[in-house]
Structure formats: C-alpha cells, structure tokens
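Those protein sequence lines, which keep their order, are chains V and F.
Its first residue numbered 1, the first sequence is counted upward by one per residue in the working numbering.
Its first residue numbered 1001, the second sequence is counted upward by one per residue in the working numbering.
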Amino acid sequence: MLAALLDNPGVMIVTVGALVGIAATLVGTFLVLRGTSMLADAISHSIVFGIVIVWLLTHQQSGPLQLIGAALTGLLTVVLTELLINSKRVRQDAAIGLVFPLLFSIGVLLLNLHAGNIHVDTHTVLLGEIGFVWLDTVSLGGYEVPRALLSMGAMTLLNALFVGLLFKELKLATFDAALARALGLAPGVLFHALLLTSGTAVAAFDAVGAILFVAFVIVIPATAYLLTDRLTLMLAIGVAVSIGASLAGYGLAILWDVSIGSMMAVMTGVCLLLAFLFGPRHGLVAQAHERRRQRRLNESRTLAVHLYNHEGTPEQGEENVARALREHLLWPSERAQQAILKGLDEGYIERHGELLQLTATGRAMAREILAPGRE
Amino acid sequence: MLGDYTLQNVVMGALLLGAISGVLGSFAMLRRQSLLGDTLSHAALPGVCLGFIMAGSREMGSLMAGALGTGAVAALMVVLLTRYSRLKTDAALGIVLSTSFALGVVLLTFIQGMNNAAQGGLNAFLFGQAAATLRSDLLLMAGITALALILVLGLWKEFKLICFDPGFARAQGLPVLLLEVVLTVMIALAVVVGLQMVGVVLMAAMVIAPAVAARQWSPRLEVMVPLAALFGMAAGVSGALISTLGRGLATGPLIIICVSGFVLVSLLLAPRRGLLWEAAFRLRQRRRLRQQQLLTRLYRQASWHGEPRRGSGRKLADDDCDPRTRRVVRQLEQRGLVGCHDRHWMLTAEGHEAAARILAQLEGRAT
C-alpha cells in the first residue's frame, strides 16, 4: 500500500507541493502579520547565493550543510538590510531592494562561471522541478522514498514544532511586540521565524525554486488572513489552502501540460482572489452587501424621523405621503418605494389611504434617534 | 574593442536603461515605492509571454507592449488589494509579484509545449541577454526612454510636488491620482526597457540602486535625478564592458553588482551624508570638545588661584598622567594655546583669550 503510494509520481508530487505550502504557511503567517512579507521575498532570492557558496566549498547539493548555509544567508540578508536601515541613509523598502538583488546576482554569476560542473542551472534556481521529485529517491526501511518528500517532511515537522512550542511567544511578539519585550517573553522569536523561513526555502528549493517559493510563503497566509481573525484558524486555513492549491495545480498542469510548481503557485493566487472577492466578512461581495444593508437601514431611519417630525402637524397630509419622499427628500421613486415597503414589512409604519403613519415601534425608533437614551 | 557591433548595441542599451531607470527610480524611491519596481518587473514575464503568443514570434514591439500591459494590471492589483482588503502594502506587493511570476512561468512552459521554433530565447528574459540586443530593439528602447524623459521634464514641477507634499498638491487642485498613475506606468516603461538587458528578476535593483546612490550626494531633486541617471548609465556600461572579459560573465548580474558598488561607495564617501564623512566629523568634534574642556579647566584653576595665567597643571605634564589628556595637551601646545613653564602647563595669552571666549559663549547660551 505504502510502496504503491510512494511509487505513484502524482501522489508524490502533490504531497511534496502540499508540504511546501504547509511548511511555508507555518512561518509565513507571522511574517505577513508583522508586515515583513517582502523580507521573505528577499530571503528566498538570496538563498541562491548561500546554496552556490556552500556548493563551491563542500560540493554538497543538499543536506544539513546546505540548510545551515541557507539559514546563514537569510541571516545575512536580514542583518544587511537592518544595517542599511539603521544607518538612516536608506528607507526600509529601498534597503530590502538593494540587498537581495546583489546577493542574487553574485549567486547567479558564480553559477554561470561554474556552469559546467554544477547540476543546478539558473533555470532550476528560479523554478525548481517538482515534476521530477519522485525520481530522486533514497532507501528508507525497505522503501524507496523521494528525497524531497523526506526533506520537506522534516522541515514541516520542524516548523510545526517551532510554532507549537512557542505559540504563545509568537502570538505576543506578532501582535504586541512592545508587551513581549516588557514581559521578557522571547521578543526575538520572530527572528527565528526568519531563519526557519530560509531553511524552508532551501528544503523547497529543489521542488519549486527560489521565486515560486515566495507564493507559498506569502500568498497562502494572506489568503487565510482575509478569511479569519483568529491566529489558530489562520494556520488551519493555510494548511487547507496548501493542500487544495497543490491538488488543483497538479491537475491543471497535467491537463494543459505546463510547469507543475508554477501552476500550484498560480492556484494559491486564485485562492487569494476568491478570498478577496467572496471572503465572509472582509471580502468585496460581503463588504458591498454590508454597505447596502447600512444604506437601507439609514433610509428607514430617515423615513421614520421624517414621519415623526410632521406627525400631527397641519402639513401632515402633505408631508407624510409617498410623494413627499420624492419631492422633499429628493429620493428616486424606486428608493422611496423600497423604503416604504421595508417599513410596512417590518411593521413600523402603516398605510391609511394616502397617509403614512408610524406605529408604536416606529415612533419609539424615531424618538431614540432624535434623543438617544431618553424615553 | 568598441568597434564590435554587438558590444556597441549592448553599451547603447545599457546607457538607455541606466538613464530611464535612474530618473524614474528617483521618484519611486522618494515616494517610498521602491519595491513597486520589483513587483512590476516580475509581472512583466506573463506580459512577454502573452505578447509572444499574440504575435507568434519574438518581435520586440509586441513583447514590450505585453509587458507594459501586465505591468499596469499588476500595479492596479496592488492598489486594489491595499485599498479594498486588509492586507498591507508589503503583502500586496509580494502576492502580485509571486503569482504573476508563476503565471509567467506557466505561460512559458505552455509556449514550449507549442513547439514553435521562434520561441527560443524567451527564457533569456529571466536574467536578460544583453548580447541578443538588435538595432531595432535599441530604437524601441530609445523611443520609450525619450518619451519618459520628455514627460518627466514637462511635468517636473508636478512630480516634484507629489513626491514631497502630495497633500499640498491636492489642495492646489493638481490631479494627484492621475500623476501617480503616470509615474507608475513610467516605472513599468523602465522595466520594459530593462527586460532585454538585465531581465525581470534583477530589474528591481536598477530602479532602486542608482536613486539611492544619487540621494547620498545631493539633497536637491534637480541634482539627484541627473546624477541617478549618470550612475545608472555608468553601471550599465561598466557591467557590459566587464562581461566581455570572459565566458560565463552575464551582463545583467554584472550591471547589478556595479550599481551596488556605486551605492556602497556613495553610502561611505558622499560629502556630509557619507558614513565615513560622518565618522570623521564626529572625531573632529570630539577632539575640539576635549581641547575646549581642558582650556576652560586650566582657565578656571588659574582664576581660582588669582593669577590670570598660572596653571596648576603639573599633573598633566607628568608622564604617568592618562595618555588621552597628554595628547590633548600636545594638540593645544601645537596650536600655541598652552605653554610649558618650569614643568607647569600654563595658558598662553592666546589660550587665555580663547578660554574666556568659550566660557562667555557657554554662559551666554545658558542664560
């Protein structure tokens, strides 16, 4: 059973894709919430530098040394950026944009110079090859397990442990950094999240490359952020989106015969777009709906106050009729009609021939608006 | 060497790219939108692919039009996401950057699947392939650059105002939104010019780095913008020239390394703003302060003893007094403010005057 699953390229590819998403979400959530998403972008570009340097020094393409090298490169990116910002000569956005292209350029240049004897070419650096992960396997307990599955699984586990064990600290440092510092509750914990981000980027490197990784680490948490206000739920939604995007991306890529990793990344974008449009509370549709509800409510309140003001006065016969809403309040007849119908339905006005009259509820409502809290 | 046809093209392309990205990057940097260039350049990739699919060949005009189109859409998406959702600008930039790049790669592999013989070289837009620049491409790039520069010159006052005081600009009745759109579209234009030279991935640095370097040298926009263009052009040409020195030296990354070098030098050496400049200034200030301290101390001691120029600074002359103080005394002696009489350090007439002046100044400020 397990052997059959491990032999199935499709299952392996989707699993690795989902694991990349899950591992990236676990750390990316905190970066997105802290407003440092572009630092993730910078880190994933500059690990190319770390990978090439470690390869030149040790001739190892993967393994713990690469992970350490990448974590150090991530560290270097962050430190250099901070250094530039602290010099007060360069603003944050420009500082990020100065550091990673330089490291990336040096990495690419070294790669080109040693192009003959290194298996990662510039193309793989950018895009990875998730389609071939099932070819590169290692023996483990009698099974041939894809190497990428092992490394991504380990990375996911590591990130999950990090988030699980330090959840309280991470939460506090993310939402109230000052309080975290005041309480001495690991204010530097977000820094470790950045290190783990670079580690994850390296583990995901073979599968999705340096740039597509950005989609997994930013877009998936951002999607979850549009859907919920709770941190735990955000992480859970992130996991679900990762699995969904991986499945859909694989299916469509096979259908159209295009790059699998990129299609998965595009699917994360589609998820984000859907959340942006149809999210339950912050989505565009929900927002439009809420605005319409507010407008209707405002109209019925206006109608109630209008009727209340002229109730029992000599102009009542002229003011408290449907026509007056059009002529005195300058409402289009559609709007006037809707407001009246809503009032009749909800039972705060009644119709007596031409005359519109407030019921007891309607009168109480108008009084509450004009003199809040006084009966 | 400059007679070489390819090299001529590359150098001219690099000059154009440096000019347009330096000028437009300056405005982007001042408006804190440096990373917009990063997003727009990644977003150019799907545009290049779409342009290729539409035209059916690797024709520069349609590729550029496509890149400009998707760049504009990407900028619009960033604005929509930040305005109508609760995502912050950085997240919006990252989202649009990564998904549009992924879309570009999907289209790239789709084109490869079409088995079109003309598709060769689309990959080059990832890192740029300066050597493949043709004269006709150059003409297009020159046209775009000229257009952008004319726009900047024509709308100089307006652009300056929305960089430094957008609120005032709006109050004056300027169409701020329109001007911002024009600036953003022009950054997309710069990206389009850079596609062939440095590619979509590294273009971000070409927008940011020349502007940052130029900013260190002058606080005036009139100086900064031409200087940024100059830095951009110089980096472009030096990158192009270095790349001719050996195989495997890609032009794009080399240009970026050169321009980063300019940034580093500017950050360190620029007059008044440079870090080394500041360090030297601090050192001078510290030395002056120590000298003043010592002068006034000697002066006060002298007045305490009632003899205007008597110094009780014997300890200062001893070899075992702390070396910093001794150094300060030597400096003062060199300036002729302190003299040695009978193993005592005393203020000279000038020193006395100087100390009195310093004290008067300090007390004047205190009251």
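Yeah, the Cβ is synthetic: ideal placement off N, Cα and C, and Gly gets one too.
Determine the closest residue to residue i out of the options, with distance taken between C-alpha atoms.
i                 : options                                       : result
GLN1293 (chain F) : F:VAL1328, F:LEU1030, F:VAL1263 and F:GLU1278 : F:VAL1328
LEU358 (chain V)  : V:VAL321, V:ARG292 and V:THR197               : V:VAL321
LEU1134 (chain F) : F:LEU1332, F:LEU1264, F:VAL1010 and F:ARG1326 : F:VAL1010
ALA1302 (chain F) : F:GLY1261, F:ARG1273 and F:THR1348            : F:THR1348
THR381 (chain V)  : V:LYS171, V:PHE175, V:THR197 and V:PRO146     : Because chain V in this structure spans residues 1 to 375, residue 381 (chain V) falls outside the shown range and cannot be described.
SER151 (chain V)  : V:VAL163, V:THR137 and V:SER259               : V:THR137
PRO113 (chain V)  : F:ALA1102, F:PRO1253, F:SER1085 and F:PHE1125 : A quick correction: the sequence has Leu, not Pro, at residue 113 (chain V). Checking every option, the nearest Cα to that of LEU113 (chain V) belongs to F:PRO1253.
VAL416 (chain V)  : V:LEU26, V:ALA366, V:THR232 and V:GLU346      : Given a span of 1 to 375 for chain V in the structure shown, any question on residue 416 (chain V) remains unanswerable.
GLY1143 (chain F) : F:PHE1110, F:LEU1097, F:VAL1193 and F:PHE1159 : F:VAL1193
GLU129 (chain V)  : V:LEU111, V:ALA148, V:LEU140 and V:GLU144     : V:ALA148
VAL189 (chain V)  : V:LEU179, V:GLU169 and V:SER242               : V:GLU169
GLN1172 (chain F) : F:LEU1076, F:LEU1155, F:ALA1354 and F:LEU1161 : F:LEU1161
GLN1334 (chain F) : F:LEU1174, F:TRP1277, F:ARG1272 and F:GLY1351 : F:GLY1351
VAL1305 (chain F) : F:LYS1157, F:ARG1170, F:VAL1079 and F:MET1346 : Here the sequence assigns His to residue 1305 (chain F), which means Val is not the residue at that position. Out of F:LYS1157, F:ARG1170, F:VAL1079 and F:MET1346, F:MET1346 has the C-alpha closest to the C-alpha of HIS1305 (chain F).
SER1062 (chain F) : F:PHE1281, F:THR1082, F:ASP1137 and F:ALA1211 : F:ASP1137
ALA40 (chain V)   : V:VAL78, V:ILE53 and V:ASP229                 : V:VAL78
CYS271 (chain V)  : F:LEU1040, F:ALA1044, F:LEU1126 and F:ILE1095 : F:ILE1095
GLN316 (chain V)  : V:ALA3, V:LEU344, V:LEU75 and V:HIS352        : V:HIS352
ALA95 (chain V)   : F:MET1064, F:GLY1071, F:ALA1279 and F:GLN1033 : F:GLN1033
VAL54 (chain V)   : V:ALA265, V:GLY69, V:ILE369 and V:LEU111      : V:GLY69
ALA1131 (chain F) : F:CYS1340, F:ARG1247, F:HIS1341 and F:LEU1264 : F:ARG1247
LYS1157 (chain F) : F:GLN1129, F:LEU1221 and F:VAL1200            : F:LEU1221
Under 8 Å Cβ to Cβ from residue i, same chain only, skipping five residues before and after it: list those, please.
i                 : result
VAL90 (chain V)   : LEU84 and LEU98
ALA1019 (chain F) : THR1145, LEU1149, ALA1229, GLY1232 and MET1233
GLY269 (chain V)  : ALA215 and VAL219
ALA154 (chain V)  : ALA203
VAL32 (chain V)   : ILE218, PRO221, ALA222 and TYR225
SER46 (chain V)   : THR73, GLY74, LEU76, THR77, VAL99, PHE100, LEU103, PHE104 and GLY107
MET1064 (chain F) : GLY1051, LEU1140, ILE1144, VAL1192 and LEU1195
Assuming residue i is part of the beta strand (DSSP E), what are its boundary residues?
i                 : result
ILE349 (chain V)  : 349-352
MET1114 (chain F) : Neither: MET1114 (chain F) is in no beta strand (DSSP E) and is coded neither H nor E.
PRO146 (chain V)  : 143-146
GLY1339 (chain F) : 1338-1341
GLN357 (chain V)  : 355-358
VAL138 (chain V)  : 137-140
TRP1345 (chain F) : 1344-1347
I'd like the list of long-range same chain contacts for residue i, defined as Cβ closer than 7 Å, with 5 residues on each side in sequence excluded.
i                 : result
ALA248 (chain V)  : MET267
PRO1166 (chain F) : VAL1176
ARG326 (chain V)  : SER333 and ALA336
ALA160 (chain V)  : LEU26
LEU1183 (chain F) : PHE1027 and PHE1159
LEU19 (chain V)   : MET152, GLY153 and THR156
At what residues does the alpha helix (DSSP H) containing residue i begin and finish?
i                 : result
PRO372 (chain V)  : Taken as a continuous stretch (DSSP letters only), PRO372 (chain V) belongs to no alpha helix (DSSP H), as it is neither H nor E.
GLN66 (chain V)   : 64-86
GLU290 (chain V)  : 284-310
SER44 (chain V)   : 37-58
HIS1305 (chain F) : 1275-1305
GLU1333 (chain F) : 1323-1334
HIS192 (chain V)  : 189-214
Which residues of chain B have a Cβ atom closer than 7 Å to the Cβ of residue i, listed in chain order?
i                 : result
MET1029 (chain F) : The chain inventory of the structure shown lacks chain B, comprising the protein chains V and F.
Got a sec? Which residues, its chain only, sit under 6 Å from residue i by beta carbon, not counting five neighbours each side?
i                 : result
ASP1038 (chain F) : ALA1204
ARG1326 (chain F) : none
ALA1124 (chain F) : none
HIS384 (chain V)  : Within the shown structure, residues of chain V are numbered from 1 to 375, placing residue 384 (chain V) beyond reach of any answer.
TRP134 (chain V)  : PRO9, MET12 and PRO146
GLY80 (chain V)   : Correcting the residue type first, residue 80 (chain V) is Leu in the shown sequence and not Gly. Result list for LEU80 (chain V): VAL99, in chain order.
For the ligand NAD, I want to know if residue i counts as a neighbour, meaning its beta carbon is within less than 7 Å of at least one of the ligand's heavy atoms.
i                : result
GLN294 (chain V) : Annotation note on the ligand NAD: not contained in the displayed structure, which lists no ligands.
Item to complete: Closer than 7 Å, Cβ to Cβ, to anything on chain V: give me those residues from the stretch 1084-1099 of chain F, in chain order.
Response: TYR1084, SER1085, ARG1086, LEU1087, LYS1088, ASP1090, ALA1091, LEU1093, GLY1094, ILE1095, LEU1097, SER1098 and THR1099
Item to complete: Using a Cβ-Cβ cut-off of less than 8 Å, list which residues of the stretch 1262-1294 of chain F approach chain V; keep chain order.
Response: VAL1263, LEU1267, ARG1273 and LEU1275
Worksheet item: If you measure beta-carbon to beta-carbon, which residues of the stretch 1160-1189 of chain F are closer than 8 Å to chain V?
Response: none
Practice prompt. Anything in the stretch 238-257 of chain V with a Cβ closer than 7 Å to a Cβ of chain F? List those residues in chain order, please.
Written response: TRP256 and ASP257
Practice prompt. Could I get the ranges of all uninterrupted alpha helix (DSSP H) runs contained in the stretch 1012-1067 of chain F, with 4 residues as the minimum, in chain order?
Written response: 1034-1055
Discussion item. Give me the subset of the stretch 269-294 of chain V whose CB atoms are less than 9 Å from a CB atom of chain F, sorted by chain position.
Written reply: GLY269, VAL270, LEU272, LEU273, ALA275, PHE276, GLY279, HIS282, GLY283, LEU284 and GLN287
Worksheet item: What alpha helix (DSSP H) runs, 4 residues minimum, are completely inside the stretch 242-278 of chain V?
Response: 260-278
Item to complete: Give, in chain order, every residue of the stretch 1099-1113 of chain F whose Cβ lies closer than 7 Å to some Cβ of chain V.
Response: THR1099, PHE1101, ALA1102, LEU1103, VAL1105, VAL1106, THR1109, PHE1110 and GLY1113
Discussion item. Give me the subset of the stretch 331-348 of chain V whose CB atoms are less than 7 Å from a CB atom of chain F, sorted by chain position.
Written reply: none
Item to complete: Could you list the residues in the stretch 1209-1235 of chain F with a C-beta less than 9 Å from some C-beta on chain V, going in chain order?
Response: ALA1209, ALA1211, VAL1212, ARG1215 and GLN1216
Worksheet entry | the stretch 1190-1210 of chain F: positions lying closer than 8 Å to chain V by Cβ | VAL1201, LEU1202, ALA1204, ALA1205, VAL1207, ILE1208 and ALA1209
Worksheet item: Enumerated in chain order, which unbroken segments of the beta strand (DSSP E) with a length of 3 residues or greater are wholly contained in the stretch 1168-1232 of chain F?
Response: none
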